[in-house]
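Numbering (this note's numbering), first residue to last: 7 to 232.
Cβ atoms here follow ideal geometry from the backbone N, Cα and C, with glycine treated the same way.
Printed below as a string of structure tokens:
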């Protein structure tokens, strides 16, 4: 599903994002990528969605060679990868329904398809009854659930969650992780970049630890050991 071979990202002589990363993530896995700030988690996310290109090495996602992908094909790649950020990135003047449908509209999907898919993904995250509310009328946890719903509209094979609970309290954190586990049960590969020790230890799934841009451990049923 996801393979990185000798991937290095150098920003400058004083700033190296990743060093010689070799990694294989199978379809359907739930993997936590952990490390302190500045260890390379965000760089890894940016490389996977082709927001940045590696200085050296090769990245393959499914049938895509992300290292050599033409710019015109990047939007199609990103429809296979749902991304969830810490700060939600919702449009404040659009309703929950409109925030989610917008991702389909810009991809040129037909209105009939949009009307079918949006309620479905909102039901998955438990917001079917709040689809006509605006972001300011929702709690932080609910806003993040909208962001998760938006990431699901293209039925991606991979979800990358970059610190998705960083702005949430413990109760909402638990709810978001439970939703991600539910999505994983449908067969979607989940990559969770986080520095939340409790989340990682509770999951008891594969844990990849980054330090100084390098993988220092990769455990099938690991813990947060930093």
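Top-ranked residue by Cα proximity to residue i, from the options
i: residue 15; options: 59, 42, 35 and 216; result: 59
i: residue 116; options: 95, 48, 159 and 153; result: 159
i: residue 86; options: 96, 109 and 102; result: 109
i: residue 137; options: 88, 113, 192 and 100; result: 100
i: residue 83; options: 68, 94, 49 and 95; result: 68
i: residue 139; options: 56, 25, 104 and 8; result: 104
i: residue 13; options: 30, 43 and 173; result: 30
i: residue 65; options: 42, 47, 27 and 197; result: 27
i: residue 203; options: 172, 73 and 19; result: 172
i: residue 22; options: 50, 97, 170 and 70; result: 50
i: residue 18; options: 97, 42 and 61; result: 61
Cβ neighbours of residue i in the same chain (closer than 7 Å, five flanking residues each side left out)
i: residue 229; result: 206, 207 and 213
i: residue 11; result: 28, 63 and 64
Beta-bridge partners of residue i, as assigned by DSSP
i: residue 30; result: 9
i: residue 220; result: 217
i: residue 225; result: 213
i: residue 199; result: 39 and 168
i: residue 14; result: 62
Same chain, Cβ closer than 6 Å to residue i, neighbours up to 5 away in sequence not counted
i: residue 225; result: 213
i: residue 220; result: 25
Anticipated Cβ contact below 8 Å, residue i with residue j, distance rounded
i: residue 193; j: residue 88; result: Actually they do not touch by this definition, with Cβ atoms about 13 Å apart.
i: residue 155; j: residue 133; result: 7 Å
i: residue 90; j: residue 165; result: 7 Å
i: residue 233; j: residue 106; result: Any question about residue 233 goes unanswered here, given that the chain covers just 7 to 232.
i: residue 180; j: residue 151; result: Rounded, the Cβ-Cβ distance is 13 Å, inconsistent with contact.
i: residue 190; j: residue 36; result: 5 Å
Own chain, CB closer than 8 Å to residue i, minus 5 neighbours either side, in chain order
i: residue 177; result: 147
Next item on the list: Let me know the beta strand (DSSP E) ranges lying completely inside the stretch 117–185, each 3 residues or longer, listed in chain order.
Entry: As far as the stretch 117–185 is concerned, its whole beta strand (DSSP E) runs of at least 3 residues are 164–168.
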